[in-house]
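Basically this note's numbering = 1-based index in the sequence shown + 8.
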Amino acid sequence: MAFEVEGKLYKKFDTQKVTDTFQKREFVIEMEDGMYPQIIKFQLTQNNCDKLDSFNEGDQIKVTFNLRGREYTKEGRTSYFTNLDAWRLDKVGAAEAAPGAPAQTEFPSANDEPAIQADMDDLPF
């Protein structure tokens, strides 16, 4: 199941090569949430790491991500990990109308008017 959030790109990090076959890149967005902004870290993995290259810190972005969790046991201690795995990033605001901007209305052309029929009465009563 995919989730989406919008926010300001707060921080982006370099790609980390975790193993010979796995790489990840983390980034943080800031979401407005009442009085206290939320600072949320996401990760891109493998071939998705370069998707962050076209964005700058401060850009408004929409992040599409999957919620991933796993259990890890080492030396008898169990830990639980949750990752927000981003797989799509879109810039917000560039192609969209600004909030509060009036919607543009398309007016019909003169040729779109209905033809007047001779037997129609002009009076509303």
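Built from N, CA and C at the ideal position, the CB exists for glycine as well.
Residue i - containing beta strand (DSSP E), residue span
i	result
V36	30-39
L72	For clarity, residue 72 is Thr in the given sequence; the question names Leu instead. 68-82 is the span of the beta strand (DSSP E), which, as asked, contains T72.
F21	Note, F21: premise wrong, no beta strand (DSSP E); not H, not E.
For residue i, the nearest candidate out of the options (CA to CA)
i	options	result
T90	R78, G101, V71	R78
K20	F11, M43, Q54, S62	S62
T27	T53, I37, G84, E38	T53
Backbone secondary structure at residue i - three-state DSSP
i	result
N56	helix
G108	Residue confidence for G108 is low, a pLDDT of 48 falling below 50, so the modelled location carries little weight; the figure read from the coordinates is stated next. Looking at G108 - three-state DSSP - the assignment turns out to be coil, as it is neither helix nor strand.
Residue i classed as buried or exposed, judged by whether at least 16 other C-beta atoms fall within 10 angstroms
i	result
G15	buried
F35	buried
F135	Absent from the structure is residue 135, since the part of the chain shown begins at 9 and ends at 133.
Sequence-distant residues of the same chain with beta carbon closer than 7 angstroms to residue i, five excluded per side
i	result
V100	E14, Q68, I69, K70
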